[in-house]
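Step one of this worksheet: look at the structure below.
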Amino acid sequence: MRTRITTMLGIDHPIVQAGMSWASSSAALPAAVSNAGGLGVLAAGPLRPDDFEHVLGQLATATGRPYAVNIPLYRPGAADILDAMHARRVPVVIASQGSPKAHLARFRGIGAIWIQVVATLEHACKAADAGVDALVVVGAEAGGHPPASEVTTLVTVRRVLQEVSVPVIAGGGVADGWGIAALLALGADAVQLGTRFLLTEEATVHANYKAAVLAADVQDTALVGRRDLPIRGLRNAFARAVFDAERDQLPQEDYVALFKKSTLKQAALDGDVEWGKVELGQSAGLVSRIEPAAAVMARLVSELAQVTDRLRAMAG
Numbered sequence: 044m045r046t047r048i049t050t051m052l053g054i055d056h057p058i059v060q061a062g063m064s065w066a067s068s069s070a071a072l073p074a075a076v077s078n079a080g081g082l083g084v085l086a087a088g089p090l091r092p093d094d095f096e097h098v099l100g101q102l103a104t105a106t107g108r109p110y111a112v113n114i115p116l117y118r119p120g121a122a123d124i125l126d127a128m129h130a131r132r133v134p135v136v137i138a139s140q141g142s143p144k145a146h147l148a149r150f151r152g153i154g155a156i157w158i159q160v161v162a163t164l165e166h167a168c169k170a171a172d173a174g175v176d177a178l179v180v181v182g183a184e185a186g187g188h189p190p191a192s193e194v195t196t197l198v199t200v201r202r203v204l205q206e207v208s209v210p211v212i213a214g215g216g217v218a219d220g221w222g223i224a225a226l227l228a229l230g231a232d233a234v235q236l237g238t239r240f241l242l243t244e245e246a247t248v249h250a251n252y253k254a255a256v257l258a259a260d261v262q263d264t265a266l267v268g269r270r271d272l273p274i275r276g277l278r279n280a281f282a283r284a285v286f287d288a289e290r291d292q293l294p295q296e297d298y299v300a301l302f303k304k305s306t307l308k309q310a311a312l313d314g315d316v317e318w319g320k321v322e323l324g325q326s327a328g329l330v331s332r333i334e335p336a337a338a339v340m341a342r343l344v345s346e347l348a349q350v351t352d353r354l355r356a357m358a359g
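Each residue of the sequence shown is one higher than the one before, starting from 44 at the first, in my numbering.
Below you can see the structure in the form of structure tokens.
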């Protein structure tokens, strides 16, 4: 299947593995996805500069296919990570949580493609106007940082596509080929999957984290931290404490301190799935097993072909 994104990135399938801190902060998962014809994404968010350069070298060795690096622009030390990405001539940058304006010219100079992650129409238009090559647009079903408005993926993506002309990679609520087909039919040029790739053998998170995500059904997540930078996470002890703080109208300073006391690292690296931030999308309820990323990719491609054939038959 050829789209503007597959052509731009040089990948075989319109499938992008989301950059997920800790889960894809080693070479294993992004290399496996890229080698299977999708776009694997190394998550630089939790990595120190020296560790990042080491892992990036491993990834470049592990795959000869296109890959990307996800960088939250607000993170401490982002400038050092960006310098390393530039020096290593990373082919695709996927940036979030910050403006791309200050960086585009420099990365264009090495031929890199810049993709910006957004969750609202306002941010999508700003990024497109700044000159990014493409957008990742996520809706409320997504893990990580979905729109605080909780507008769904179907509506968010379609609204953005009404206003921008750059290619869109859509994400949120997708775990199989049927979901991929739905977002391609909506007008997207590729689809990003996070939770589905979190539940792979190559994802480098604690076994407790994977078990908690695997056990979750579609109703077991919630938008947590509405008064700070909300996440979609598991309804665990941490989430209940935040909900109680909102109900009791805890002063903002205390609320932020409570929200920041728990971390993703606490869950993903240390295995504390009660008080850590267990970030996951609603699509966890659509996944029933942990398996190799290559097997996931093969099934996604097969399912997408099945849906395409079905639609073609329906059209006569």
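No residue lacks a Cβ here, since even glycine has one placed at the ideal position from N, Cα and C. Since this is a predicted model, take the numbers as computed values, not measurements.
Contact belief for P92 with D55 at Cβ below 8 Å, rounded distance in angstroms: On the sequence shown, position 49 is the one that residue 92 refers to. On the sequence shown, position 12 is the one that residue 55 refers to. Going by Cβ atoms, the distance from P92 to D55 rounds to 32 Å, so no, they are not a contact pair.
Sort out for me which residues DSSP pairs A275 with in a bridge. Residue 275 sits at position 232 when you count from the first residue of the sequence shown. For the sequence presented, residue 275 should be read as Arg rather than Ala. Its beta-bridge partners are G187, L266.
Tell me, please, which residues DSSP counts as bridged to P115. Here residue 115 refers to the residue found at position 72 when the sequence shown is read from its first residue. According to DSSP, which records beta bridges pairwise, P115 is partnered with S139.
Does the beta-carbon distance from A191 to R269 come in below 8 Å? For this step, residue 191 is matched to residue 148 along the sequence shown. For this step, residue 269 is matched to residue 226 along the sequence shown. Their beta carbons are under 8 Å apart, which means A191 touches R269 by this criterion.
Grab me the residues of Q69's own chain with a C-beta within less than 7 Å of its C-beta, minus the 5 sequence neighbours each way, in chain order. As a working note, residue 69 is residue 26 in the sequence shown. According to the sequence shown, residue 69 is Ser rather than Gln. The residues are V98, T247.
What residues are listed by DSSP as bridge partners for T243? One-based indexing of the sequence shown puts residue 243 at position 200. Beta-bridge pairing links T243 to E334.
Quick one: residues in its chain with C-beta nearer than 6 Å to the C-beta of K303, no 5 flanking neighbours on either side, listed in chain order? By 1-based counting over the sequence shown, the position of residue 303 is 260. Here the set comprises nothing.
Could you tell me which residues DSSP pairs with L85 in its beta bridges? If you number the sequence shown from 1, residue 85 lands on position 42. Answer is V112, bridged to L85.
Using CA atoms only, rank isn't needed, just tell me which of G120, L301, A87 is closest to V112. As a working mapping, residue 112 is identified with position 69 in the sequence shown. Nearest C-alpha to V112: A87.
Taking the Cβ atom as the reference point for each residue, do G83 and Q101 lie within a distance shorter than 8 Å? The sequence position of residue 83 within the sequence shown is 40, counting from 1. The sequence position of residue 101 within the sequence shown is 58, counting from 1. No, the pair does not count as a contact, with Cβ atoms beyond the cut-off.
Given A280 as reference, the closest of H249, A170, G319 once Cα atoms are compared: Against the sequence shown, residue 280 aligns to sequence position 237. Selected option, being the one with the closest Cα: G319.
N-terminal and C-terminal residue of the beta strand (DSSP E) that V161 is part of: As a first step, residue 161 must be located in the sequence shown, where it is residue number 118. Taken as a continuous stretch (DSSP letters only), the beta strand (DSSP E) holding V161 covers 156–161.
Taking the straight line between their C-alpha atoms, what separation do you get for G214 and G187? Position 171 of the sequence shown, counted from the start, is the residue given in the question as residue 214. Position 144 of the sequence shown, counted from the start, is the residue given in the question as residue 187. Taking the straight line from one Cα to the other gives about 11 Å.
Contact the region 165–181 vs the region 284–302: 3+ CB pairs below 8 Å: no
Quick check: the Cα distance between D315 and R45, rounded to an integer number of angstroms? For the purposes of this step, residue 315 is taken as the residue at position 272 of the sequence shown. For the purposes of this step, residue 45 is taken as the residue at position 2 of the sequence shown. The straight-line gap from Cα to Cα measures roughly 42 Å.
Please confirm whether I58 and M340 have their CB atoms less than 8 Å apart. As a working mapping, residue 58 is identified with position 15 in the sequence shown. As a working mapping, residue 340 is identified with position 297 in the sequence shown. It is a contact, given that the beta carbons lie within the stated cut-off.
Would you check if there are 3 or more beta carbon pairs closer than 8 Å linking the region 324–335 to the region 254–261? yes
Would you list the one or two residues that DSSP bridges to L365? Residue numbering for the chain in the displayed model covers 44 to 359; residue 365 lies beyond these limits and cannot be assessed.
Nearest candidate by alpha-carbon position, reference D176, set E184, L164, I158: The residue given as residue 176 occupies position 133 in the sequence shown. Answer by Cα proximity: I158.
Unbroken beta strand (DSSP E) run spanning A61, endpoints: Sequence index remark: in the sequence shown, residue 61 carries index 18 (1-based). Neither: A61 is in no beta strand (DSSP E) and is coded neither H nor E.
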